[in-house]
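K.L.:
Residue numbers (the working numbering), protein chains in the order written: chain A, 45 to 582; chain B, 498 to 613.
If you want it as structure tokens, here you go:
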């Protein structure tokens, strides 16, 4: 067997069914590389070897039993049975940590499984551990993790994107074929883009959010990372669908065809014939990397050559999205994060003996700078006298942004293609002191969250050696069509030279002398003045 | 110390004009204990972010209804029957303080002088 970490999940499924590989072998191989390289990448906040191997043994027993029962029983196994997966560290796994990247949840142990966890167990997937993230999923670079940043395997001095940067880097570095992330304004698609992997934010309501730490409840959605469309589709299939425990999960059937994306490149490519693709001119914004624009235009031209019909469209309210988002998301966050009061769980400081002072101390010590900024913004936007000017106004703008997209679907387009991120992975620390510059990185992804639409990022080559992501936007519940489009694009670019490349600095992560991202960040803060977050409390 | 006496502070009505007193008041509303340095930095950063919001005022939205959620689901109901749930012990497993009778021990909120 070739190096098991280079296999796609669907290839693992074949080997597991034929008996050429065991889940224990596959899991051991992935654990070994994740454990070895995590110092240099900091993609994982927890790797649970013992639990993973126990799950692998259970999967091996299930597969052996199915093999004894015959071909039908084998076919009924989910393709992820026995396959290692990683979960962003805001997904509850009973008895395990769920820090959400925050000090305030250090030491917290989840008393129950999230629905996505339960569904992955049902499918027989092997949960390897928990991946790094921006604190409470607030950030675009994973630098806002209380447990140190994650490095990008393509360039260890650069960010992996965020907030699901740990999941994206783990998949890019072959630590797991698939990982779970969450996306509130681009937190799956943007790191997917920057790490050169597939990442999908499904339609709002597609995946139950029971058991994940909430950020902004009208925007949050769980979704898959994979190294190709088929693996992402398999993970989406495993976790999707209505759940009694999340009233916002929609009673929309999950298509079984998600597991039947074509394996043949030519068959996949045929999907593009006659497909109508819209190219929104507002997504090619001033300040975007010319290399990103070039790759996106090339990708679209390639699809056109394969038979797609591409037309430019206008989404006229795009430029208002950022402001609307940065009112709505912090407002909802300030409300959701009110639960962190040190009374029922989490960090607590009861030294003052006076309850309000204890709240102030607990929350002041437990939240990091970006979370504090957002809670402040949200509290301000919802406070007396400002509700109409900010929150209500933003919700009205949200209606306009949604109408822009509705008009594109009404005009008969099958999908919208755009850049995922206007820039490639930026250097560690580059945007840390300028929140607005950091927020701008999500300009092309957050309108979809406002509109509730599914979106995915698929690798579309490199610009100056760094991955560029093509964003595919679909109508509500059109994930299957989007994945077919993504699979078609893989088909027509299967022989492109960049497809064969592995992340450029992955080899360095095997070297114990390579600095960790935490060490890199310490060097940066040591050389820059004004790192005063630890100064004396008033 | 950030304290409840700040409730009387008046907001400045202009957008993107948050004073230091506003920052202190909002921090208190949000129950965030901030250092002097944090408040100084937030005053600048929040004002910079609020400036980005000004673009919204250029849009006429008088007749546009607000969108609070994007999928057409309403009034999701179920039969009122007992469902399996976690045990009291599990629910209390992360509590900093619990009583012998199986309750969270919460700070006293009556009789003190706190409150906004």
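Quick reminder that beta carbons are idealized off the backbone N, C-alpha and C, glycines included.
(1) With 16 as the cutoff for other CB atoms within 10 Å, does residue 193/A come out buried or exposed?
(2) Helix, strand or coil for residue 510/A? Go by DSSP, reduced to three states.
(3) Throw me the rounded Cβ distance for the residue 470/A and residue 203/A pair, which I believe falls under 8 Å.
(4) What runs of the alpha helix (DSSP H), each 4 residues or longer, lie entirely inside the region 187–224 of chain A?
(5) Is the region 514–527 of chain A touching the region 549–557 of chain A in the sense that three or more CB pairs, one from each, lie closer than 8 Å?
(6) Counting only beta-carbon atoms, is residue 571/B nearer than 8 Å to chain A?
(7) Taking Cβ-Cβ distances below 9 Å as the criterion, which residues of the region 530–543 of chain B are in contact with chain A?
(8) What's the gap between the Cα of residue 407/A and the Cα of residue 108/A?
(9) Examine chain B for any beta-carbon lying closer than 8 Å to the beta-carbon of residue 371/A, and answer yes or no.
(10) Indicate the three-state DSSP secondary structure (helix, strand or coil) for residue 562/B in the structure shown.
(11) Mapping the DSSP letters down to three states, classify residue 47/A as helix, strand or coil.
(12) Closer than 8 Å is the cut-off here; do at least three beta carbon pairs connect the region 124–136 of chain A with the region 156–170 of chain A?
(13) To the nearest whole angstrom, what separates the beta carbons of residue 136/A and residue 225/A, a pair I think is in contact under 8 Å?
(14) Only counting the same chain, and skipping five residues up and downstream in sequence, which positions put a Cβ closer than 6 Å to that of residue 120/A?
(15) Straight-line CA distance for residue 528/B to residue 606/B?
(16) List the DSSP bridge partners of residue 131/A.
(17) Please tell me whether residue 596/B has its Cβ less than 8 Å away from any Cβ of chain A.
(18) Leaving out five residues on either side along the sequence, give the residues of the same chain with a beta carbon under 7 Å from the beta carbon of residue 537/A.
(19) Would you check whether the ligand COA has a heavy atom nearer than 7 Å to the C-beta of residue 63/A?
(20) Mind listing the chain B neighbours of residue 380/A? Cutoff is C-beta to C-beta under 9 Å, in chain order.
(21) Check whether chain A comes within 8 Å of residue 600/B, counting only Cβ atoms and requiring the distance to be less than that.
(22) For residue 582/A, decide whether its Cβ has a neighbour in chain B, counting only Cβ atoms nearer than 8 Å.
(23) Smallest Cα separation from residue 514/B: which of 535/B, 540/B, 531/B and 530/B?
(24) Any idea what DSSP makes of residue 554/A, helix, strand or coil?
(25) Do three or more CB pairs link the region 137–156 of chain A to the region 217–234 of chain A at distances below 8 Å?
(26) Let me see if you follow: with CB-CB separation under 8 Å, is residue 156/A close to chain B or not?
(27) Express the C-alpha separation of residue 229/A and residue 489/A in angstroms, rounding to a whole number.
(28) CB residue 385/A to CB residue 466/A, shorter than 8 Å?
(29) Quick check: is the beta carbon of residue 591/B nearer than 8 Å to any beta carbon in chain A?
(30) Residue 410/A and residue 148/A look like a contact to me (Cβ under 8 Å); what is the Cβ gap, rounded to whole Å?
(31) So which residues of chain B does residue 394/A contact, with C-beta pairs closer than 9 Å?
(32) Hey, residue 494/A and residue 442/A are a contact pair by Cβ (cut 8 Å); roughly how many whole angstroms apart?
(33) Determine, using beta carbons only, whether residue 428/A and residue 375/A come nearer to each other than 8 Å.
(34) Identify every run of the alpha helix (DSSP H) within the region 276–326 of chain A, keeping only runs that are complete inside it and at least 4 residues long; order them along the chain.
(35) Do residue 195/A and residue 205/A have their CB atoms nearer than 8 Å?
(36) Taking Cβ positions only, does residue 439/A come closer than 8 Å to chain B?
P.N.:
Taking the coordinates as given:
(1) buried
(2) strand
(3) 6 Å
(4) 209–216
(5) no
(6) no
(7) 530, 531, 532, 533, 534, 535, 536, 537, 538, 539, 542 and 543
(8) 50 Å
(9) yes
(10) coil
(11) coil
(12) yes
(13) That belief does not hold up - the Cβ atoms of residue 136/A and residue 225/A are roughly 15 Å apart, past 8 Å.
(14) none
(15) 15 Å
(16) 174/A and 224/A
(17) no
(18) 346 and 543
(19) Inclusion of the ligand COA in the displayed structure is not the case, the ligand content being empty and no account of it being possible.
(20) Simply none; closest approach about 12 Å.
(21) no
(22) Confidence at residue 582/A is low in this model, with a pLDDT of 36, below 50, so the placement of that residue is unreliable and no value is reported for it.
(23) 540/B
(24) helix
(25) no
(26) yes
(27) 6 Å
(28) no
(29) yes
(30) 3 Å
(31) 593, 594 and 604
(32) 5 Å
(33) no
(34) 309–313
(35) no
(36) yes
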